[in-house]
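Start counting the sequence shown at 47; every next residue gets the next number (the working numbering).
Glycine included, C-beta positions come from ideal geometry on N, C-alpha and C.
Please read all numbers here as calculations on a predicted model, not as lab measurements.
Take a look at the structure set out below.
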Amino acid sequence: MNTLYINLSHLEHNYHHIRSIIGSNVKLMGVVKANAYGGSDVEIAAHLQKIGVDYLAVATAQEGRQLRQNNIEVPILVFYPQFVNLETLFEFELEPSIYSFSLWDHLIEWTGRKKIKNHPIHLKFNTGMNRLGFELNQITELKEKLSNSVFDIRSIYSHLGYSQESSPFDLIDRQTEKFKKVVEKFTDHFTERPLFHLINTSGVFNRPDLTFDMVRCGIGLYGYANHSRWDQSLKSVMTLESKIMQIRHVKKGEYIGYDKAYRYEKDGRIAILPLGYADGISRHSGNQKNKVWINGHLAPIIGNVCMDLLMIDVTHIDCQEQDTVEFFGTHQSTSLFAENSGIISYEQLSNIGSRIKRKVIDHL
Numbered sequence: 047m048n049t050l051y052i053n054l055s056h057l058e059h060n061y062h063h064i065r066s067i068i069g070s071n072v073k074l075m076g077v078v079k080a081n082a083y084g085g086s087d088v089e090i091a092a093h094l095q096k097i098g099v100d101y102l103a104v105a106t107a108q109e110g111r112q113l114r115q116n117n118i119e120v121p122i123l124v125f126y127p128q129f130v131n132l133e134t135l136f137e138f139e140l141e142p143s144i145y146s147f148s149l150w151d152h153l154i155e156w157t158g159r160k161k162i163k164n165h166p167i168h169l170k171f172n173t174g175m176n177r178l179g180f181e182l183n184q185i186t187e188l189k190e191k192l193s194n195s196v197f198d199i200r201s202i203y204s205h206l207g208y209s210q211e212s213s214p215f216d217l218i219d220r221q222t223e224k225f226k227k228v229v230e231k232f233t234d235h236f237t238e239r240p241l242f243h244l245i246n247t248s249g250v251f252n253r254p255d256l257t258f259d260m261v262r263c264g265i266g267l268y269g270y271a272n273h274s275r276w277d278q279s280l281k282s283v284m285t286l287e288s289k290i291m292q293i294r295h296v297k298k299g300e301y302i303g304y305d306k307a308y309r310y311e312k313d314g315r316i317a318i319l320p321l322g323y324a325d326g327i328s329r330h331s332g333n334q335k336n337k338v339w340i341n342g343h344l345a346p347i348i349g350n351v352c353m354d355l356l357m358i359d360v361t362h363i364d365c366q367e368q369d370t371v372e373f374f375g376t377h378q379s380t381s382l383f384a385e386n387s388g389i390i391s392y393e394q395l396s397n398i399g400s401r402i403k404r405k406v407i408d409h410l
């Protein structure tokens, strides 16, 4: 009864729109980690491959293996490789991001034992977000290690922590200047120059002057860019629908759901839907903080969202059991639904549970 529709024509629209911004000389990396942000990684990666994406990116080696086992052949960057999954990386020709000397040394030792040479890797630098990455003061030592390494350095990159902020914004400028120093230090170090990349979806829309050689796009491919104005040029790829299980009449003074969270002040009518927080609908969506779309109307979610069920107020809506209810996608944006739940679009999409059926379509 619960279905997440994945619209490939909308995915293609978003892809080409992003291409139109970055230009023909800049490569595009499609980020398909976390099941393509809650969608369906194999189908989405396959379509991106079909329409010409230059690179794909995943979070883990296991995600990359899933794509390789389903005939995805384009280069795949693994953002967060760990010591325990090196064999998977090499077996399935995945390209790890190296972000520390400890990981570098472990990789050198492992590839030496396996007699592996010229495997492609990527170098990640921290320029101010303070997550993973080498520091600028480690460049000299890193270059020394590179001069004796057996790796093929495919790209060097960093990640903006504030890419959606309006310019001028000093933290963006600070990170950018640090990354430009990285580029300067490495540009002439290699016989074959690696790709340099810095920005994500928000950066593409906000700072297209910072494209360098490649951009990394995740949420933008799926229809959102962290700003309502930017979102207008994109199309939502994922639409979440359910169906009414039961309609019941309630009397004035009766409570709905757990903990007496909602009380009817007059006679009314509710509809029960077969999904809850185990399916990715936040418990904070309840008690009229969020709404769903049904038969041309928005109906508030009432009471506390349960693990498997939730209730909506349909007192003034003409509907019946088995009618379709949309949570987000076509009539209501994921960004708005997420905001009303106190989260962001990334979290809402990636939270969509495995119990919900995925259905790939060309239009909706």
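Expected contact under 8 Å - CB spacing of residue i and residue j to nearest Å
i: R111; j: F138; result: 5 Å
i: I14; j: S209; result: Only positions 47 to 410 of the chain appear in this structure, which leaves residue 14 out of reach.
i: M75; j: L123; result: 7 Å
i: N164; j: V120; result: 19 Å between Cβ atoms; not a contact.
i: Y83; j: T106; result: Going by Cβ atoms, the distance from Y83 to T106 rounds to 15 Å, so no, they are not a contact pair.
i: G322; j: D354; result: 5 Å
i: W156; j: L182; result: Contact doesn't hold; Cβ gap of about 27 Å is too wide.
Residue i, DSSP secondary structure in three states
i: N116; result: coil
i: K227; result: helix
i: A345; result: strand
i: G76; result: strand
i: D325; result: helix
i: V360; result: coil
i: F251; result: helix
i: Y208; result: coil
i: I389; result: coil
i: L355; result: coil
i: G158; result: helix
i: F232; result: helix
DSSP beta-bridge partners of residue i
i: H243; result: Y203, M260
i: D198; result: P166
i: E372; result: E287, W339
i: V406; result: I52
i: F180; result: F171
CB contact check: residue i to chain D, cutoff 9 Å
i: D259; result: The chain inventory of the structure shown lacks chain D, comprising one protein chain alone.
Open item on the list: Going residue by residue through the segment 260 to 322, where are the continuous beta strand (DSSP E) segments of at least 3 residues, counting only ones entirely within it?
Closed with: 260 to 263, 284 to 289, 292 to 296, 314 to 319
- [ ] Please determine if the segment 241 to 253 and the segment 332 to 352 are in contact, where contact requires at least 3 C-beta pairs separated by less than 8 Å.
- [x] no
Task: Cβ contact (3+ pairs, closer than 8 Å) linking the segment 384 to 403 and the segment 301 to 317 - done: no
Open item on the list: With a threshold of 8 Å, are at least 3 pairs of Cβ atoms found where one atom belongs to the segment 367 to 378 and the other to the segment 287 to 296?
Closed with: yes
TODO: Go through the segment 77 to 148 residue by residue and report every complete run of the beta strand (DSSP E) that reaches 3 residues or more, in order.
DONE: 101 to 104, 122 to 124, 141 to 144
Open item on the list: Below 8 Å, how does it come out for the segment 55 to 66 and the segment 278 to 287: are there three or more Cβ pairs, yes or no?
Closed with: yes
- [ ] Tell me, please, whether the segment 298 to 309 touches the segment 317 to 329 by the rule of three or more beta-carbon pairs shorter than 8 Å.
- [x] no
- [ ] Check whether the segment 188 to 197 touches the segment 218 to 227, counting contact only when three or more Cβ pairs, one atom from each stretch, lie closer than 8 Å.
- [x] no
- [ ] Decide yes or no for the touch test of the segment 77 to 92 against the segment 112 to 121: beta carbon pairs closer than 8 Å, at least 3 of them.
- [x] yes
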